[in-house]
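Enquirer: Supplied in structure tokens, the structure appears directly below.
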Amino acid sequence: MPQTTVPISEAESRVMEVLWQDAPLTSEQIVAAVQLNSDWHEKTIRTLLNRLLGKGAVEATRDSRRYLYSPLLSRAQWQSQESHSLLDRVFGGRVAPLLAHFSQHEKLSAKDVAELRKLVDAIERKGR
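Heads up: the sequence shown begins at 775 in the numbering used here, then just goes up one per residue.
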């Protein structure tokens, strides 16, 4: 797994989603899976795959006459990178303003509020 952060664009994340769901895959399988939910051309998808290879987010291993692609960056690592980036850029690295924003501008369901309460309770228990 990569030790440093690997910046993944929104478009690249769609290729990664396919690999996180079902790796290893051939490039043909990746193209087919991405095209199920987009109108992207094959060349675009292959370009994104090559960028991910160059960034070290994906590896390619030879399997006879083809390559099989697998993620080196896990979904959890990516989610951590993205959430820290969002918090730092938009909310000064603080979680409370993020939650305040969502409570004021987005609908939080009763289930969302209950889950947040459980998380806060768990954090408080750890701190004791």
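All C-beta atoms in this analysis are idealised placements derived from N, C-alpha and C, irrespective of residue type, glycine included.
None of these values were measured; they are calculated from a predicted model.
Mind reading off the beta-carbon distance from residue 792 to residue 808? Whole number of angstroms is fine, and I expect it under 8 Å.
Expert: Counting from one through the sequence shown, the residue named residue 792 turns up at place 18. Counting from one through the sequence shown, the residue named residue 808 turns up at place 34. Rounded, the Cβ-Cβ distance is 6 Å, consistent with contact.
Enquirer: Suppose you measure from the CA of residue 846 to the CA of residue 859; what does that come to, to the nearest Å?
Expert: As a position in the sequence shown, residue 846 is number 72, starting the count at 1. As a position in the sequence shown, residue 859 is number 85, starting the count at 1. So the alpha carbons of these two residues sit roughly 20 Å apart.
Enquirer: Whether or not the region 782-798 and the region 830-845 are in contact is what I'm after, with contact meaning three or more pairs of Cβ atoms, one per stretch, closer than 8 Å; do they touch?
Expert: Judged by Cβ distances under 8 Å, the region 830-845 makes contact with the region 782-798, as three or more pairs qualify.
Enquirer: Please report the residue range of the beta strand (DSSP E) in which residue 785 lies.
Expert: The residue given as residue 785 occupies position 11 in the sequence shown. Note, residue 785: premise wrong, no beta strand (DSSP E); alpha helix (DSSP H) at 784-796.
Enquirer: Does the Cβ of residue 786 have 16 or more other Cβ atoms within 10 Å, making it buried, or fewer, making it exposed?
Expert: On the sequence shown, position 12 is the one that residue 786 refers to. So residue 786 counts as buried.
Enquirer: Looking at residue 817 and residue 782, is the spacing between their C-beta atoms short of 9 Å?
Expert: To locate residue 782, count along the sequence shown from 1; it is residue 8. To locate residue 817, count along the sequence shown from 1; it is residue 43. Cβ distance not < 9 Å, so residue 782 and residue 817 don't count as in contact.
Enquirer: Kindly indicate which three-state DSSP category residue 883 falls into: helix, strand or coil?
Expert: Locating residue 883 in the sequence shown gives position 109, where the first residue counts as 1. Residue 883 falls in the coil class under three-state DSSP.
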